[in-house]
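>
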């Protein structure tokens with residue numbers, strides 16, 4: 005695709021997933037805040053949009069290890085989300101929560117600017133995401149698969165049991181925003197996930213795991229907010 009100053013950040017990532025590398029490097033939000041022009045986000049961060057564009061165009065498509073999902077079947081996107089993001093979250097969130105509690109107990113008094121607030125935010129994030137995933141898996145995603153199947157079979161769009169699909173999608177997007185705010189606060193409390201001098205192995209592993217969680221959540225939310233949800237709304241009519 006041709007990237008102009010008015011191209012939305014989310015659109016760039018949708019068609020060139022490798023662009024996430026550039027956006028991560030410059031601290032540009034491409035998931036919850038991705039529906040904004042490149043020129044606008046660059047102005048906020050005092051970046052040259054032409055330089056950012058050149059960096060993106062210099063990447064090869066495979067650099068991000070992600071495929072272009074913009075035209076994939078909706079059922080394939082749902083399966084990918086469940087396997088790539090939901091299943092690992094159910095393993096990582098308890099593991100990271102336990103580590104954070106341990107670090108808070110052992111080292112919290114030495115780092116009052118981080119603990120217990122960081123552990124509390126992680127607990128809140130875990131609770132929100134676990135409930136969020138259940139709602140997607142039991143309500144929204146089954147409808148998405150049924151909707152696509154009905155259209156593929158030449159039938160009218162399947163009716164949703166919950167009314168217009170924009171309703172649950174707006175709820176999911178609002179919950180994504182809440183998760184994004186918690187992630188931002190965790191990054192601030194941790195000082196950008198830079199372990200303090202003399203940090204033990206568990207402390208370092210916690211920060212490494214939280215930073216990896218943040219990156220995966222950005223990709224996860226982008227795929228839902230900017231790829232899956234708009235296509236579902238368009239198909240549901």
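Numbering (this note's numbering), first residue to last: 5 to 241. For each residue, glycine too, the CB sits at the ideal point set by N, CA and C. None of these values were measured; they are calculated from a predicted model.
#1: Answer with buried or exposed for residue 185, where buried requires no fewer than 16 other C-beta atoms within 10 angstroms of its C-beta.
#2: Is the CB-CB distance between residue 70 and residue 223 below 8 Å?
#3: Quick one: Cα of residue 131 to Cα of residue 143, how far?
#4: Let me make sure I understand the geometry here. Which of 29, 90, 48 and 109 has the alpha-carbon closest to that of residue 206?
#5: Which runs of the alpha helix (DSSP H) spanning at least 4 residues fall entirely within the region 204–238, listed in chain order?
#6: With 16 other CB atoms within 10 Å as the buried threshold, where does residue 13 fall?
#7: Within the same chain, show all residues whose beta-carbon is closer than 6 Å to that of residue 119, passing over the 5 residues directly before and after it, in chain order.
#8: Between residue 148 and residue 86, how many whole angstroms is the CB-CB distance? I'm expecting something under 8 Å.
#9: For residue 189, collect the residues of the same chain with a Cβ closer than 6 Å to its Cβ; drop the 5 residues on either side in sequence, then sort them by chain order.
#10: Are the region 220–236 and the region 42–50 in contact at 8 Å, needing three or more beta carbon pairs?
#11: Using the C-alpha atoms, what's the distance from residue 162 back to residue 55?
#12: Got a sec? Which residues, its chain only, sit under 7 Å from residue 100 by beta carbon, not counting five neighbours each side?
#13: Leaving out five residues on either side along the sequence, give the residues of the same chain with a beta carbon under 8 Å from the beta carbon of residue 49.
#14: Under the rule that 16 or more other beta-carbon atoms within 10 Å means buried, what is residue 164, buried or exposed?
#15: Cutting at 7 Å between CB atoms, please list the residues of its own chain near residue 122, excluding the five before and the five after it.
Let me lay it out:
#1: exposed
#2: yes
#3: 18 Å
#4: 109
#5: Fully enclosed alpha helix (DSSP H) runs of 4 or longer: 205–226.
#6: Per the 10 Å Cβ criterion, buried.
#7: 108 and 112
#8: Residue 148 to residue 86, Cβ: 12 Å. No contact.
#9: Hits under 6 Å: 125.
#10: no
#11: 46 Å
#12: Cβ within range, chain order: 126, 210, 213, 214 and 217.
#13: 30, 31 and 32
#14: buried
#15: For residue 122, where only same-chain residues beyond five positions count, the Cβ hits under 7 Å are 104, 190, 193 and 194.
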